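Below is one structure, written out as structure tokens; comments come after it.
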Amino acid sequence: MGFVRPALMAALLLAAPAWSQSSSKSLDVAWWRDGKIEVRQLRQGGTAPPPFDGARQVPLASLWKLFVYVYANDNKVAMPDYRCGGRDPEEVYCCDAGQSIGHDAALAQSCGPFFSPRRLMIAPASWRQYWTGRLGSAPAGDFAWLSDPAQLAPKRLVRLDSLLRALDSIPAASRVDAEAALLRVVLDGRGAGTARWFGSQLRVKTYSWHEQRRADERIGGAAGWLADGTPIWFGGAGGSSNVFEQWAPRLAASLPKVGAADDGGCVVVDYFKRYPIRTVRGERGVAVVGPLSGPLNGRYHVQFENGQNLALRSSGELMLVQEKGGRPQLRGRFGVNEYVARVLDREASTGEPEAAKALAIAARTYLQQNAVTVAGCQQIADSSATQRVSPSPATPAALAIARWTDQLIVDGVTVRYHSNQASEGTMAWSEAVRQAKQGKHYDELLATAYPGGALSTFGNTGARCRRLAQNEGWLARSVPRWQRVLLREAGYEAPPQTPLVCALQSGAPYSEQSRNRIYMRPLATREDRITLAHEYLHLGLRNHPRGQDEEYVERLARRLVDLNLEAL
70 MGFVRPALMA ALLLAAPAWS QSSSKSLDVA WWRDGKIEVR QLRQGGTAPP
120 PFDGARQVPL ASLWKLFVYV YANDNKVAMP DYRCGGRDPE EVYCCDAGQS
170 IGHDAALAQS CGPFFSPRRL MIAPASWRQY WTGRLGSAPA GDFAWLSDPA
220 QLAPKRLVRL DSLLRALDSI PAASRVDAEA ALLRVVLDGR GAGTARWFGS
270 QLRVKTYSWH EQRRADERIG GAAGWLADGT PIWFGGAGGS SNVFEQWAPR
320 LAASLPKVGA ADDGGCVVVD YFKRYPIRTV RGERGVAVVG PLSGPLNGRY
370 HVQFENGQNL ALRSSGELML VQEKGGRPQL RGRFGVNEYV ARVLDREAST
420 GEPEAAKALA IAARTYLQQN AVTVAGCQQI ADSSATQRVS PSPATPAALA
470 IARWTDQLIV DGVTVRYHSN QASEGTMAWS EAVRQAKQGK HYDELLATAY
520 PGGALSTFGN TGARCRRLAQ NEGWLARSVP RWQRVLLREA GYEAPPQTPL
570 VCALQSGAPY SEQSRNRIYM RPLATREDRI TLAHEYLHLG LRNHPRGQDE
620 EYVERLARRL VDLNLEAL
């Protein structure tokens, strides 16, 4: 992934995170579970970092915005869109001048002006009453930072265990909207591109701030929750994007085991639509069909009119209903993840986890695109013409995959899949398995099958690539001129295809290596052309350490743009 260019951010150093020029040698990680804090230190050689515990003082930095969001959301405080005027340097994290940003995007992008307690007219007495109820006593001592919204200054130091306990005090119902918004962080926020490692398991607000002992050094990381509600915090040297880029694989591997979370949503499945049912027989005889029939519990045999039989079991999620004409119809009602897991069991397998993750996301997307909404539930038929759904409870392996990809979908394209025949917009399961065995990750499998789509979530659709033809044309004309320079640069490998250049709605330009894309604004100035060259270099140097050296990439990008001027 590309980074914010230092040249563009120089004027904002006092107000916004800057990039650390040295990589972090260690990452501190902490979470709160079973009434106590647990800590880990990840290292990349060198001397051992100082140990830490729950008494450690950490900067609140931009994490204060998460607490304002939760309070305002829970108390139905009006959160009107914030309109950027172009004068506040902090708006670089919000929107372009003249544009607006809503509360979910503001949280994911860390738009400070949006969450100003004064702008939202948050009364100190109501704030204090709310957090007193959450904590069980008035915020004081280690929780004094929560006693007044005016105390939520980024430079405020707080005890790490008090920060985690405050996050732990927020119940699941109050976290739902915040977590949904924060899923964007690993998709298109500061952690863009790291959903490969985290799936949907990490729902965190990023932060970057000054190092306590050296104001010229930056620290960054994130805090929030895991999918099961476990509060988590982590931090290291450099900005939050740098921390994600450098530590994502190891951080993902070091996280505590995530427990089963509540399965959101509601899916009603009409089973065996193409195969009329004659009878359903259980341990107590033929199951009754009619107004008084209830949920099925136990083991059953379904006998079809064509003479075939099928064994299944149910724990109350299946029931018999009466179709027109009096025929019995088997109907199931599930959470979305249970549904996705049953599709995975019926249509494929979990033997190659990366392929299974890709199919789970494809199945969830297909549900969203093809189900009808009836009485608040998504309703879809079990059929080879749609998706086949196992009538028996999902296997633990399939359910784990469905939960790991919870809420993830492909946005921007019509999604289909087939057992062994790939075509435009259709993923072949056999091909996905083959590529997974070669080491491909699930996001790469999805990018290959659905090149016009983007990994997104139920609540974050609209992430499709709106291509910038002018930018792509300029890049296509420029790259041949750059070759004599680039071929002499160690580590440069031309991208396999010309990158797509997509319109950036807000935030800083970046490149997405897994999809060979660059996100930026239309070309208007020399700095825009340097930005495009800069992000192209991140793609060309994707497999080399130089690709993470911002100063080197910036110098080379400026040199390449000057070559264009020489040609003119």
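Here the sequence shown is numbered in my numbering, starting from 70 and rising by one per residue.
Even glycine gets a Cβ: it sits at the ideal position worked out from N, Cα and C.
Computed from a prediction, not measured in an experiment: that's the story for all the values here.
Exercise for the section: Going by DSSP, name the residue or residues bridged to Ser169. Expected result: One-based indexing of the sequence shown puts residue 169 at position 100. BP columns for Ser169 point to Arg152.
Handout entry: Complete beta strand (DSSP E) runs within the region 394 to 462 (minimum length 3 residues, chain order)
Key = 397 to 403, 441 to 443, 446 to 450
Handout entry: Ala471 versus Asp597, Tyr561, Gly404, Leu515, residue with shortest Cα-Cα distance
Key = Position 402 of the sequence shown, counting from 1, holds the residue named residue 471. It is Gly404 whose Cα lies nearest to the Cα of Ala471.
Handout entry: Ranges of the beta strand (DSSP E) found wholly within the region 513 to 555, counting only runs of at least 3
Key = 523 to 526
Problem - Contact check, Lys94 vs Gly114, beta carbons under 8 Å - result: Numbered from 1 along the sequence shown, position 25 holds the residue referred to as residue 94. Numbered from 1 along the sequence shown, position 45 holds the residue referred to as residue 114. Cβ distance < 8 Å, so Lys94 and Gly114 count as in contact.
Practice task
May I ask you to verify whether the region 258 to 274 touches the region 308 to 317, counting CB pairs closer than 8 Å and requiring at least 3?
Solution key: yes
Problem - Any 3 or more C-beta pairs closer than 8 Å across the region 151 to 159 and the region 118 to 134 - result: no
Exercise for the section: Determine contact between the region 497 to 513 and the region 410 to 428, defined as no fewer than three beta-carbon pairs at a distance below 8 Å. Expected result: yes
Practice task
Please state if the CB of Leu387 and the CB of Gly401 are separated by a distance shorter than 8 Å.
Solution key: Counting from one through the sequence shown, the residue named residue 401 turns up at place 332. Counting from one through the sequence shown, the residue named residue 387 turns up at place 318. In this structure, Leu387 lies closer than 8 Å to Gly401 by Cβ.
Practice task
For Pro462, count neighbouring Cβ atoms within 10 angstroms of its own Cβ and tell me buried if that reaches 16, exposed if not.
Solution key: The count along the sequence shown starts at 1 and reaches residue 462 at position 393. The residue is buried, with at least 16 neighbouring Cβ atoms inside 10 Å.
Practice task
Would you list the one or two residues that DSSP bridges to Gln372?
Solution key: Here residue 372 is taken as the residue at index 303 of the sequence shown, counted from 1. Gln372 pairs with Thr348, Asn378.
Handout entry: Rounded Cβ spacing between Gly289 and Leu251 (contact assumed at less than 8 Å)
Key = Counted from its first residue, the sequence shown places residue 289 at position 220. Counted from its first residue, the sequence shown places residue 251 at position 182. About 16 Å separates the two Cβ atoms, so there is no contact after all.
Exercise for the section: Spell out the partners DSSP gives His603 in its beta bridges. Expected result: Residue 603 sits at position 534 when you count from the first residue of the sequence shown. Paired residue(s): none; His603 is not in a bridge.
Handout entry: Option nearest Val630 by Cα separation, candidates Gly333, Gln448, Trp551, Gly616
Key = The residue labelled residue 630 in the question sits at position 561 within the sequence shown. The candidate whose alpha carbon is nearest that of Val630 is Trp551.
Handout entry: Whole runs of the beta strand (DSSP E) within the region 245 to 290, excluding any shorter than 3 residues
Key = 271 to 279
Problem - Alpha-carbon to alpha-carbon, Arg272 and Phe212 - result: Along the sequence shown, read from residue 1 onward, the residue named residue 212 stands at position 143. Along the sequence shown, read from residue 1 onward, the residue named residue 272 stands at position 203. Spanning the two alpha carbons is a distance of roughly 23 Å.
Problem - Glu160 burial status per 10 Å Cβ neighbour count (16 or more: buried) - result: On the sequence shown, residue 160 is found 91 positions in, with the first residue counted as 1. Looking at its Cβ environment, which holds 16 or more other Cβ atoms inside 10 Å, Glu160 is buried.
Handout entry: Glu392, buried or exposed, once every other Cβ within 10 Å from all chains shown has been counted against 16
Key = As a first step, residue 392 must be located in the sequence shown, where it is residue number 323. Burial call: exposed.
Handout entry: Short Cβ contact (8 Å threshold) for Leu295 with Trp101
Key = Mapped onto the sequence shown, residue 295 falls at position 226. Mapped onto the sequence shown, residue 101 falls at position 32. In this structure, Trp101 does not lie closer than 8 Å to Leu295 by Cβ.
Handout entry: Arg642, buried or exposed, once every other Cβ within 10 Å from all chains shown has been counted against 16
Key = No information on residue 642 is available, as it lies outside the stretch 70 to 637 that the chain covers here.
Practice task
Confirm, please, whether the CB-CB distance from Leu514 to Leu477 is below 8 Å.
Solution key: In the sequence shown, counting from the first residue as 1, residue 477 sits at position 408. In the sequence shown, counting from the first residue as 1, residue 514 sits at position 445. Cβ distance not < 8 Å, so Leu477 and Leu514 don't count as in contact.
Practice task
Could I get the ranges of all uninterrupted alpha helix (DSSP H) runs contained in the region 110 to 144, with 4 residues as the minimum, in chain order?
Solution key: 133 to 143
Handout entry: Limits of the unbroken beta strand (DSSP E) element including Phe303
Key = Counted from its first residue, the sequence shown places residue 303 at position 234. It spans 300 to 306 - the beta strand (DSSP E) in which Phe303 sits, taken as one unbroken run.
Problem - Through-space distance from Ser323 to Tyr605, alpha-carbon basis - result: The residue labelled residue 605 in the question sits at position 536 within the sequence shown. The residue labelled residue 323 in the question sits at position 254 within the sequence shown. Straight-line Cα distance between these residues: approximately 32 Å.
Handout entry: Selected residue, minimal CA-CA separation from Ala432, among Ala410, Ala545, Ala450, Glu421
Key = In the sequence shown, counting from the first residue as 1, residue 432 sits at position 363. Nearest option by C-alpha distance: Ala410.
Problem - Validate contact between the region 175 to 194 and the region 142 to 149 using beta carbons, cut 8 Å, 3 pairs - result: yes
Practice task
Alpha carbon to alpha carbon, how far is Ala516 from Pro614? Give it in angstroms, no decimals.
Solution key: Numbered from 1 along the sequence shown, position 545 holds the residue referred to as residue 614. Numbered from 1 along the sequence shown, position 447 holds the residue referred to as residue 516. Going from the Cα of Pro614 to the Cα of Ala516 covers about 24 Å.
Exercise for the section: In angstroms with no decimal places, state the Cα-to-Cα distance between Asp230 and Asp97. Expected result: The count along the sequence shown starts at 1 and reaches residue 230 at position 161. The count along the sequence shown starts at 1 and reaches residue 97 at position 28. Distance between the alpha carbons of Asp230 and Asp97 is about 14 Å.
Problem - Residue span of the alpha helix (DSSP H) that contains Glu314, given as start and end - result: The residue you call residue 314 lines up with position 245 of the sequence shown. Here the alpha helix (DSSP H) through Glu314 covers 309 to 323.
Practice task
Confirm the yes/no value for this check: CB of Val458, any heavy atom of the ligand GTP, distance under 7 Å.
Solution key: Of the ligands one can find in the structure shown there are none, so the ligand GTP has no counterpart to examine.
Handout entry: Exposed unless 16 or more other CB atoms sit within 10 angstroms - verdict on Gln456
Key = Position 387 of the sequence shown holds residue 456. It counts as buried.
Problem - Simplified DSSP state of Glu623, which is helix, strand or coil - result: Translated into positions along the sequence shown, residue 623 becomes position 554. Residue state, collapsed to three classes: helix.
Problem - Boundaries of the beta strand (DSSP E) in which Asp643 is found, first to last residue - result: One cannot answer for residue 643 here, as it falls past the ends of the chain, which runs 70 to 637.
Exercise for the section: Leaving out five residues on either side along the sequence, give the residues of the same chain with a beta carbon under 6 Å from the beta carbon of Ser499. Expected result: One-based indexing of the sequence shown puts residue 499 at position 430. Counting only Cβ-Cβ distances below 6 Å, and skipping sequence neighbours, we find Asn489.
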